[in-house]
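In what follows, a structure is listed as structure tokens, so that the remarks can point back to it.
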Amino acid sequence: MPWQYAVALLNFIMARYTGPMHKLCRREGIPLCDSPKCPARGKRKYPPGQHGPTKGYPRGQSIYSKQLRAKQRVKRLYGMLENQFRRFFEMAKQLKGNTGENLLKLLESRLDNAVYRVGLADTRRQARQLVTHAHIMINGKKINVPSYIIKAEDLITVAPRAVKTKYFDERLAVVGKKDRPAWLAWDDTKKVAKVVSEPDIRDLIESLAPKMIVELYSK
């Protein structure tokens, strides 16, 4: 194996976090998983560490550290590496309107996120695997790229061969009962999800602070 390839492979493995998700949930202060036991939903909303939460006066954060934390939070929420995230940011800059809001709309429009939002997967990580394994179709065509951008009127279905698996046999029986955002609709008879409109990101702006990400990348 050429040493350049070995280094690149090592960097990729190190960049892709494979440890406990609950640790990241505590680090970012928001649920990155759908587990009811997520520490970010309970009392332990402070970052992980040997000595627990900081006592007394909390150490002040610089503007840069807050901006960096905002970027890391969004990257981890959508399970992206830096190069992927930066590419989406550059795409958002090219669109008309607010760059930060455009960024969130693009991230919400990723196919893996839509599969998760519809209810075909419990987490974005799981949804990414379903897409990568070509279990998901857009308008009748198999798509195995998690970052594929969906648009209004697109139809999301499960590939015929995947429908026969135990996972989807059980999942499709209950997906109609799951909550989903208004920009996605589910036809429980046809087992088809439809993208009704562009994502509504109003509820995400306050918790994800896209303005800080724009400020960070503008330096």
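The numbering of the sequence shown is our numbering, which starts it at 1154 and goes up by one.
Virtual Cβ for every residue (Gly too), placed ideally from N, Cα, C.
These figures come from a predicted structure and were not determined experimentally.
Query	Result
Lys1219 in three-state terms, based on DSSP	helix
Where Arg1280 sits in the DSSP three-state scheme	First, the amino acid is wrong: residue 1280 is Ala here, not Arg. DSSP places Ala1280 in helix when its eight states are reduced to three.
Buried/exposed call for Glu1243, threshold 16 Cβ in 10 Å	exposed
Counted within 10 angstroms of its Cβ, other Cβ atoms place Gly1125 as buried (16 or more) or exposed	Lying before the first or after the last residue shown, residue 1125 is absent from the chain, which here runs from 1154 to 1372.
Short Cβ contact (8 Å threshold) for Thr1252 with Val1349	no
Start-end ranges of the alpha helix (DSSP H) lying completely within the region 1280-1324, minimum 4 residues	1313-1316
Rounded Cβ spacing between Ile1309 and Ala1346 (contact assumed at less than 8 Å)	4 Å
Leu1337 - containing beta strand (DSSP E), residue span	Leu1337 to Asp1340
Inter-residue spacing [alpha-carbon to alpha-carbon] between His1286 and Pro1299	10 Å
C-alpha distance - Glu1235 paired with Leu1221, whole-angstrom precision	12 Å
Under 8 Å between C-beta atoms of Leu1259 and Phe1238	no
Residues near Arg1281 by beta carbon distance below 6 Å, same chain, minus five either side	Asp1265 and Pro1299
Ala1346 (DSSP reduced to helix, strand or coil)	strand
Terminal residues of the alpha helix (DSSP H) in which Ile1358 lies	Arg1355 to Leu1361
Cα-Cα separation between Ile1291 and Asp1307, rounded to whole angstroms	7 Å
Arg1263 vs Tyr1231 beta-carbon contact at 8 Å	yes
Short Cβ contact (8 Å threshold) for Leu1337 with Leu1257	no
Arg1333 in three-state terms, based on DSSP	coil
Beta-carbon spacing of Met1365, Ala1223 below 8 Å	yes
Between the CA atoms of Val1268 and Arg1277 - distance to the nearest angstrom	8 Å
Cβ neighbour criterion (16 or more within 10 Å) applied to Val1327	exposed
Per-residue burial, Lys1372 [other beta carbons within 10 Å of its own, 16 or more giving buried]	exposed
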